[in-house]
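Right, one structure below, let's go through it.
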Ligand code: SAH
Ligand code: SF4
Ligand code: F3S
C-alpha cells in the first residue's frame, strides 16, 4: 500500500470531494496517512475563491516540495478549484507533479501512476455529467457523527465576482436514488446527521423532483437523523422548501442565505437576481413559518464601485435582519470573472478593510444579541465530543447550528442530550444538562 496524505482547503464541497478521492484511491492500493513525512503521495485539494486562499496554498506547496526534494519518488499534486484555474502552469514551473480538476478524480489512479514515473500528469477536463454518484465516500470525520452528502456539482449562476462556475463547471444534479441510498447508508453506519451540499442546493432538480421534494424524501428516509443543507441562494429558495422544513422535525432550523450586499445597485452589479426588499421579505417569510429558525449569511465588503452609501445599506440590512452568524470577506478580484473583465477593482484596500471591520464589529454584536436571546431556553444538542477547553465539558450543536458547551462526563459523541442555556459568549451557548435526558 502507498501512503496518501491530502490537505483540504475551501468549502464543504471540497471536504466531500476529498472523501471521494480517498475512496477512489483506496480501491487502487493507497491508504490514508496523516503524517506528511511518511506519505508517498501528498495532495492539496484547493480553493480559488479569494486570492489569499490561493496564496496560502502556494505557501503549502513550497512546504510539500521539501518532502519531494528529501525523499525520492514522493509525488506532490493539486486537486480542486485551483488546479482547474491554473491548469498546467504548476507542472510547467515544476512546482507539482500532478494537477487534477474537480471532475477528473476517477482518473487519479492512472494520473498518479504517470506522475510517479516522472511524467507530469494534468487533467482539468470539466464534465457535464460527472456527479460521482456511484462512489461511496470514505468519510474522514473520525467521530462518525456528521456526514456530508454532495447532491450536485457546478454552478449555472454567473455572479460577476465569483470564480466557482469556471472552476467547477456547469450545474449537474445527482440522481435522487443514489442520494437516498447514501443517506440510508450513513444511518446504517451510525451517523446521526447529514448535510446535503451544493453551491445552490435550491436549484437541485432531477426528473420532475425539486429540492423541496428531495429534502422531504431524505428527511423521511432517515427519520432518526438530523438533516441540514447548504447553500441556499436567495433567488432560488422556495416556499415549498420552507414548508418541508416546517413540517419535518428532523430538518434542522437553520438556513444559510448569503446576501452579499444590502445595496440594490451593488446586487445588480454582482448579478445576484434578488433585491434587498425581496431578501427582507424572504427573511420575514422564514421567521413567520419558523420563528426559531437561525439565518446566517455571507457578505462581500468593497465590491467594485461600492460607495459609503452602499456600505451603509449593507450595515443597515444586517441590523434589520439580525443575523445569527455571518462569513464576512472583502472583495478579492478573480481573474477571468465578469467583474475582473468589465469593472475595476476600484475600492482602495484600506477602505475595503475598514468597511469589513465595521461589518464584523456589527455582526459580533448581533451574534451576541442572538445568543443572549437563547438564555433560559432548552435545546436538543447532538454531542460532537470534548469541548476545546477541557475533557470535563462536551460540545455539540443545536438545531440552529449554534455551538453549545456544557459540563458532562457521561454522554458520548453521536448522542442527543437536552441542555438549558445559562450564559453565552458571542460564539458559544454555555449550557447545563437538564434533568430530562430519558428516552433520547
Ligand atoms: N454558492 C454560494 C457561495 C459560494 S462561495 C452562494 O451563491 O451564495 C462562498 C462565499 O465566498 C460567497 O458567498 C461570497 O460571499 C464569497 N466570495 C465569492 N467570491 C468572492 C470574491 N471574489 N471576493 C470575496 N468574496 C467572495
Ligand atoms: Fe458563485 Fe454565485 Fe454560483 Fe454562488 S451562485 S457559486 S456566488 S456564481
Ligand atoms: Fe473554493 Fe472551489 Fe469551494 S473555489 S469555495 S473550493 S467550490
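Residue numbers (the numbering used here): -7 to 432.
Glycine residues also receive a C-beta, built at the ideal position from the N, C-alpha and C atoms.
query	result
Tell me residue 398's beta-bridge partners as DSSP assigns them.	386 and 423
Whose C-beta lies closer than 7 Å to the C-beta of residue 127 among residues of the same chain, with five residues either side of it excluded?	12, 15 and 16
Helix, strand or coil: which one does DSSP assign to residue 173?	helix
What did DSSP end up calling residue 243 once you bin it into helix, strand or coil?	strand
Going by beta carbon distance, what residues of the same chain come within less than 6 Å of residue 88, once the five residues before and after it are set aside?	68, 69, 70 and 82
Tell me, which residues are paired with residue 373 by DSSP?	409
Could you pull the start and end residues of the alpha helix (DSSP H) that residue 262 belongs to?	256 to 262
Pick helix, strand or coil for residue 341, following the three-state DSSP scheme.	helix
Let me know the alpha helix (DSSP H) ranges lying completely inside the segment 71 to 145, each 4 residues or longer, listed in chain order.	72 to 78, 81 to 84 and 100 to 108
Under 7 Å: does the beta carbon of residue 191 sit that close to some heavy atom of ligand 2?	yes
So what does residue 24 bridge to, in DSSP terms?	-4
Let me check you understand the geometry: is the CB of residue 292 closer than 7 Å to at least one non-hydrogen atom of ligand 1?	yes
Quick one: what's residue 34 bridged to in DSSP?	-3 and 68
Assuming residue 156 and residue 147 are in contact, meaning their beta carbons sit under 8 Å apart, how far apart are those beta carbons, in whole angstroms?	5 Å
Can you tell me whether DSSP reads residue 178 as helix, strand or coil?	helix
Are the CB atoms of residue 252 and residue 193 nearer to each other than 8 Å?	no
Which same chain residues, not among the five before or five after residue 161, have their C-beta less than 6 Å away from its C-beta?	118 and 146
Tell me, to the nearest whole angstrom, how far the beta carbon of residue 425 is from that of residue 409; I am working on the premise that it is less than 8 Å.	6 Å
How is the beta strand (DSSP E) around residue 367 delimited, first residue to last?	No beta strand (DSSP E) holds residue 367; DSSP gives it neither H nor E.
Can you give the Cα-Cα distance for residue 254 and residue 153, rounded to whole angstroms?	16 Å
Could you spell out the range, first to last residue, of the alpha helix (DSSP H) harbouring residue 158?	156 to 160
Should residue 101 be listed as close to ligand 2, given that the test is whether its C-beta is under 7 Å from any heavy atom?	no
Under 6 Å Cβ to Cβ from residue 271, same chain only, skipping five residues before and after it: list those, please.	226 and 251
So what does DSSP say about residue 202, is it helix, strand or coil?	strand
Which residues bound the beta strand (DSSP E) around residue 291?	286 to 293
Run the CB neighbour count on residue 47, radius 10 Å, all protein chains shown included, and call it buried at 16 or more, exposed below.	exposed
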